[in-house]
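Protein chains: 2
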Amino acid sequence: MRKSSIPRRRSSAETREAILLSARKAFAQSGYDGAGVREIAEGAGVTAMLVNRYFGSKEGLFAEALAATMASPIILAPQNIELAKPAEAFATALVSITEKNATPLEGFLILLRSASSTRAAEIGREQIEKHHQKTMAALVKRSGAPQRAAIALSLVAGFQVMRQMVGLTALNNSSDAVLVRILTPLFEELLNGNGDEPKSATRKQGLAMAKSRAK
Amino acid sequence: MRKSSIPRRRSSAETREAILLSARKAFAQSGYDGAGVREIAEGAGVTAMLVNRYFGSKEGLFAEALAATMASPIILAPQNIELAKPAEAFATALVSITEKNATPLEGFLILLRSASSTRAAEIGREQIEKHHQKTMAALVKRSGAPQRAAIALSLVAGFQVMRQMVGLTALNNSSDAVLVRILTPLFEELLNGNGDEPKSATRKQGLAMAKSRAK
DNA sequence: TTCATTTGTCTACAGTCGTAGACATCGATA
DNA sequence: TATCGATGTCTACGACTGTAGACAAATGAA
Numbered sequence: 010m011r012k013s014s015i016p017r018r019r020s021s022a023e024t025r026e027a028i029l030l031s032a033r034k035a036f037a038q039s040g041y042d043g044a045g046v047r048e049i050a051e052g053a054g055v056t057a058m059l060v061n062r063y064f065g066s067k068e069g070l071f072a073e074a075l076a077a078t079m080a081s082p083i084i085l086a087p088q089n090i091e092l093a094k095p096a097e098a099f100a101t102a103l104v105s106i107t108e109k110n111a112t113p114l115e116g117f118l119i120l121l122r123s124a125s126s127t128r129a130a131e132i133g134r135e136q137i138e139k140h141h142q143k144t145m146a147a148l149v150k151r152s153g154a155p156q157r158a159a160i161a162l163s164l165v166a167g168f169q170v171m172r173q174m175v176g177l178t179a180l181n182n183s184s185d186a187v188l189v190r191i192l193t194p195l196f197e198e199l200l201n202g203n204g205d206e207p208k209s210a211t212r213k214q215g216l217a218m219a220k221s222r223a224k
Numbered sequence: 010m011r012k013s014s015i016p017r018r019r020s021s022a023e024t025r026e027a028i029l030l031s032a033r034k035a036f037a038q039s040g041y042d043g044a045g046v047r048e049i050a051e052g053a054g055v056t057a058m059l060v061n062r063y064f065g066s067k068e069g070l071f072a073e074a075l076a077a078t079m080a081s082p083i084i085l086a087p088q089n090i091e092l093a094k095p096a097e098a099f100a101t102a103l104v105s106i107t108e109k110n111a112t113p114l115e116g117f118l119i120l121l122r123s124a125s126s127t128r129a130a131e132i133g134r135e136q137i138e139k140h141h142q143k144t145m146a147a148l149v150k151r152s153g154a155p156q157r158a159a160i161a162l163s164l165v166a167g168f169q170v171m172r173q174m175v176g177l178t179a180l181n182n183s184s185d186a187v188l189v190r191i192l193t194p195l196f197e198e199l200l201n202g203n204g205d206e207p208k209s210a211t212r213k214q215g216l217a218m219a220k221s222r223a224k
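Line order of the protein sequences matches chains A and B.
Going by this note's numbering, the first sequence opens with residue 10, and the numbers climb by one from there.
Going by this note's numbering, the second sequence opens with residue 10, and the numbers climb by one from there.
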């Protein structure tokens, strides 16, 4: 029986978790090919071989790390899309999440940076489409167009890429408020849709002229 | 004197061009780390060492290949942004360019797939910001906000990533017309801007809150 | 204490990478 | 024909990679 408060040097679960955490960081930063097993292991305070002992192979580790990342609530802040002003909440969440020293949206980062590896890309697509269905369900239901949700996802991914991966100076040197102000009407347009017009009370001030053109 | 129509086995310029072309393909498909010099050389019908002879190193080859790709007119179809309906032209160009069997927007692909390598990311940022200035100059000038241009660029990049790299089914299975219809008002919003309001007095009350949140 | 199980490390191997240096071959000119 | 520069290949090296197998140490139960 385990009554001691100091188990062994480490419990199996703790080590697993430490490796997964290190793997998430490393994959997000360097991609599937770029992140080395030795480097991941060092980040978790273990040896490279132990990683393979726990996850079978690097591929297995990648699948688990990506799944864990996607499942975490940080991505897309899905709890916000039910608010009264979903577009603004969406924009604010996206901007704050991609702030300079903020934790990256690991899911997208891992996915994008690993897309060059064929096997990793397959795993990634499965994960993102599964997650995509979950988090964007409300959005799809409202607009009735999965393409709309997909394009919203594209904007989120692109913004994150340009701000966190590429590091465009125009995005890094400007205040959050400016970015939110630009992004909000975009999300509004995406959330409300323009093909079907179920709700008229939704205020879209800057959108009137945009809508007139879109037939 | 060179009167013969058959020069040598190959002229220096031809070989250079062949290597660059092969490198663009390889980098777009596999990223900086993923593409090997031997593989690139084989695609050009030469040996790996000749690549280094022409470009000094893999890093030098990457810089030139990325510059050549960015300079090619395919990316962002910049000639269209001067049309009467720039937003719609922009959306149409983006959708048609990212069609299933279309030539990928190599510039972005190379950039994104190579972002894991630190050195490659630096080169890429330089290139994209240089190109960004050129192609988006009109857009920036009109809206007066470089952030707006950067976010437009984000949307373009994200859309391309999701359609060509990730291969989201919602984007691949839908008709071009639907995608254009969704994208057009977004570009319109980005092109027209709302920070400086030249034409309409519609103000934004949602902005205050956004600004208050983003400290 | 004794012993088996868990937790972890060390060494090594086969492969790939970028690339340095020596060597080969062709084309035009003298 | 003889020669020289341009064009290109061959071999090899050191540094990496993922991971297989043998070994070590700590833990809990007997």
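Even for Gly, the Cβ is constructed at its ideal location relative to N, Cα and C.
In this text, all values refer to a predicted model and were calculated from it rather than measured experimentally.
Discussion item. Could you tell me the alpha carbon to alpha carbon distance between residue 121 of chain B and residue 48 of chain A, rounded to whole angstroms?
Written reply: 22 Å
Worksheet item: According to the neighbour-count rule (16 or more other Cβ atoms, all chains shown, within 10 Å of its Cβ), is residue 14 of chain B buried or exposed?
Response: Its pLDDT being 34, under 50, residue 14 of chain B is placed unreliably by the model, and the measurement read from it follows with that caveat. The residue in question, residue 14 of chain B, is exposed, as its Cβ has fewer than 16 Cβ neighbours within 10 Å.
Item to complete: Count the other CB atoms, across all protein chains shown, that sit within 10 Å of the CB of residue 182 of chain A; report buried if there are 16 or more and exposed otherwise.
Response: exposed
Item to complete: Indicate whether the contact test is met: 3 or more Cβ pairs, each with one atom in the segment 153-160 of chain A and one in the segment 63-71 of chain A, closer than 8 Å.
Response: no
Worksheet entry | Residue from B/103, B/118, B/179, B/132 with nearest C-alpha to residue 195 of chain B | B/103
Worksheet entry | Alpha-carbon spacing of residue 27 of chain A relative to residue 77 of chain B, whole angstroms | 43 Å
Item to complete: Measure the alpha-carbon distance for residue 84 of chain B versus residue 44 of chain A and round it to whole angstroms.
Response: Residue confidence is low: residue 84 of chain B scores 43 on pLDDT, short of 50, so the model does not pin down where it sits. Its coordinate-derived value is still stated next. Those two C-alpha atoms are separated by around 30 Å.
Worksheet entry | Residue-chain proximity (residue 78 of chain A, chain B), Cβ-Cβ < 8 Å | no
Practice prompt. Measure from the C-beta of residue 157 of chain A to each C-beta in chain B and report whether the shortest distance is under 8 Å.
Written response: yes
Worksheet entry | Classification of residue 42 of chain B by the beta-carbon crowding that lies within 10 angstroms, buried from 16 upward | buried
Worksheet item: How big is the Cα-Cα spacing for residue 89 of chain B and residue 119 of chain B?
Response: Note that residue 89 of chain B scores 47 on pLDDT, short of 50, meaning its location in the model is unreliable and no value can be drawn from it.
Worksheet item: Does the distance from the CB of residue 159 of chain B to the CB of residue 171 of chain A come in under 8 Å?
Response: yes
Worksheet entry | CB-CB length for residue 75 of chain A against residue 133 of chain A, believed under 8 Å | 6 Å
Practice prompt. Give the range of the alpha helix (DSSP H) segment to which residue 97 of chain A is assigned.
Written response: 95-106
Item to complete: Note down, in chain order, every chain B residue with its Cβ under 8 Å from the Cβ of residue 120 of chain A.
Response: 175
Fill in: Contact set for residue 193 of chain B: own chain, Cβ-Cβ below 6 Å, skip 5 residues either direction
96, 97, 100
Worksheet item: Is DSSP giving residue 31 of chain B helix, strand or coil here?
Response: helix
Worksheet item: Are there 16 or more other CB atoms within 10 angstroms of the CB of residue 58 of chain A, so buried, or fewer, so exposed?
Response: exposed
Discussion item. Given a cut-off of 8 Å on the beta-carbon distance, is the pair residue 135 of chain B and residue 37 of chain B in contact?
Written reply: no
Practice prompt. Could you name the residues of chain A that residue 104 of chain B contacts, counting a contact when the two beta carbons are closer than 9 Å?
Written response: In chain order: nothing, as chain A lies at least about 11 Å away.
Worksheet item: Under the three-state reduction of DSSP, which class applies to residue 5 of chain A: helix, strand or coil?
Response: A question about residue 5 of chain A goes unanswered here, because the residues of chain A that appear run from 10 up to 224.
Worksheet entry | Cβ of residue 160 of chain B within 8 Å of any chain A Cβ | yes
Discussion item. Here's the rule I'm using: 16 or more other beta-carbon atoms within 10 Å means buried, otherwise exposed. How should residue 190 of chain A be labelled?
Written reply: buried
Practice prompt. Give a yes or no on whether the C-beta atoms belonging to residue 123 of chain B and residue 176 of chain B are separated by under 8 Å.
Written response: no
Worksheet item: Considering residue 165 of chain A, what are the terminal residues of the alpha helix (DSSP H) in which it resides?
Response: 155-169
Worksheet item: Just how far apart, CA to CA, sit residue 109 of chain A and residue 198 of chain A?
Response: 27 Å
Item to complete: For chain A, find out if any of its Cβ atoms is closer than 8 Å to the Cβ of residue 179 of chain B; answer yes or no.
Response: yes
Worksheet item: Is the CB of residue 28 of chain B under 8 Å away from at least one CB in chain A?
Response: no
Discussion item. Short of 7 Å in beta carbon distance, which residues of its chain neighbour residue 129 of chain B, apart from the five on each side in sequence? Order them along the chain.
Written reply: 41, 71, 123
Worksheet entry | Exposure of residue 21 of chain A, with buried meaning 16 or more beta-carbon neighbours within 10 Å | exposed
Practice prompt. Whole angstroms is fine: what's the gap from residue 188 of chain A's alpha carbon to residue 138 of chain B's?
Written response: 18 Å
Item to complete: Would you mind telling me which residues of chain B sit closer than 9 Å to residue 68 of chain A, beta carbon to beta carbon, in chain order?
Response: Those within 9 Å of residue 68 of chain A in chain B number zero; the least Cβ separation is about 16 Å.
Discussion item. Tell me which residues share the same chain as residue 50 of chain B and place their Cβ nearer than 6 Å to its Cβ, disregarding the 5 neighbours each side in the sequence.
Written reply: 56, 57, 60
Discussion item. What are the residues in the segment 184-197 of chain A lying within 9 Å of chain B by C-beta distance?
Written reply: 184, 185, 186, 187, 188, 189, 190, 191, 192, 193, 194, 195, 197
Worksheet item: Any heavy atom of the ligand FMN within a distance shorter than 7 Å of the CB on residue 183 of chain B?
Response: You won't find the ligand FMN in this model; it holds no ligand whatsoever.
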